[in-house]
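Note that the UniProt record's numbering has the sequence shown beginning at 1, numbered continuously upward.
Here a beta-carbon is modelled for each residue, glycine too, at the ideal position from N, C-alpha and C.
Taking it in order: structure first as structure tokens, then the write-up.
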Amino acid sequence: MTKQNKTKQNKTITISLTNLFSFKLFIVVFSLILFSVSCDNKNKTGTEEKTLSYYAGNWWGKPDGTTETNILTINTDGSVTLKGAKGEETIPSYSVTRVSDMIYTASHTISGKSAKLTFIFTSDTQGKFTMEGIGKTITIDITKR
Numbered sequence: 001m002t003k004q005n006k007t008k009q010n011k012t013i014t015i016s017l018t019n020l021f022s023f024k025l026f027i028v029v030f031s032l033i034l035f036s037v038s039c040d041n042k043n044k045t046g047t048e049e050k051t052l053s054y055y056a057g058n059w060w061g062k063p064d065g066t067t068e069t070n071i072l073t074i075n076t077d078g079s080v081t082l083k084g085a086k087g088e089e090t091i092p093s094y095s096v097t098r099v100s101d102m103i104y105t106a107s108h109t110i111s112g113k114s115a116k117l118t119f120i121f122t123s124d125t126q127g128k129f130t131m132e133g134i135g136k137t138i139t140i141d142i143t144k145r
């Protein structure tokens, strides 16, 4: 091997090592950038507030203390249909106020009387329903089925 070929070969190896180092450096920097972007994004996803429609479905309770019946339905639009002896009464979603992810209140006129309704959920399938202002206060444990 001539001296000139040996020098050429050494330059090629040096250039290859430099390219390899540059490539590795690029990968490390790129990975750090991706990691920082993903960490920055973690607080921006999943922060939507729950609405009453999160609990949509038929809710059962014992209004008379003994017989479990379907006393209300939370609809997917956030409205509530109360089911009673005098028929059904729908409370529109715009009457519902979110207090927290698990507590909602609503004001509505039922049978000519102003009523305040409170929904307190202890889980996705359990909670308490309180109705005030109809001459008495009624609190019922409710279960979603």
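Could you compute how far the alpha carbon of residue i sits from the alpha carbon of residue j?
i: Y55; j: P63; result: 20 Å
i: I138; j: K128; result: 10 Å
i: K83; j: G61; result: 11 Å
i: I71; j: G65; result: 13 Å
i: R145; j: S36; result: 43 Å
i: H108; j: D141; result: 21 Å
i: P31; j: S123; result: The residue asked about is misnamed: residue 31 is Ser in this sequence, not Pro. Looking at the two C-alpha atoms, the distance is approximately 40 Å.
i: V29; j: S100; result: 42 Å
i: A106; j: I91; result: 8 Å
i: G131; j: M102; result: Checking the displayed sequence, the identity of residue 131 turns out to be Met instead of Gly. C-alpha separation (whole angstroms): 17 Å.
i: G135; j: T118; result: 16 Å
i: T18; j: K24; result: 10 Å
i: V96; j: S22; result: 60 Å
Using C-beta distances below 7 Å, list every residue in its chain close to residue i, excluding the 5 sequence neighbours before and after it, in chain order.
i: G133; result: K113, S114, A115, K116
i: Q126; result: T143
i: L20; result: none
Near residue i, which residues of its chain fall below 6 Å by C-beta distance, leaving aside the five closest residues on each side in sequence?
i: E88; result: T81
i: S53; result: T76, G78
i: residue 149; result: The structure shown has nothing for residue 149, since the chain only spans 1 to 145.
i: E68; result: W60, K62
In terms of residues, what are the limits of the beta strand (DSSP E) holding residue i?
i: E88; result: 87-91
i: residue 183; result: Residue numbering for the chain in the displayed model covers 1 to 145; residue 183 lies beyond these limits and cannot be assessed.
i: D141; result: 138-144
i: L117; result: 113-121
i: A56; result: Taken as a continuous stretch (DSSP letters only), A56 belongs to no beta strand (DSSP E), as it is neither H nor E.
i: Y104; result: 103-110
i: T81; result: 80-84
i: E132; result: 126-132
i: V99; result: Careful: V99 lies outside any beta strand (DSSP E) and carries neither H nor E.
In or out: residue i buried (at least 16 other Cβ within 10 Å) or exposed?
i: Y94; result: exposed
i: F121; result: buried
i: V85; result: The amino acid at residue 85 is misidentified as Val; the sequence shows Ala. Exposed is the call here.
i: F26; result: exposed
i: I33; result: exposed
Which same chain residues, not among the five before or five after residue i, have their C-beta less than 8 Å away from its C-beta?
i: R98; result: E49, K50, T51, L52, Y104
i: G57; result: T73, I74, K144, R145
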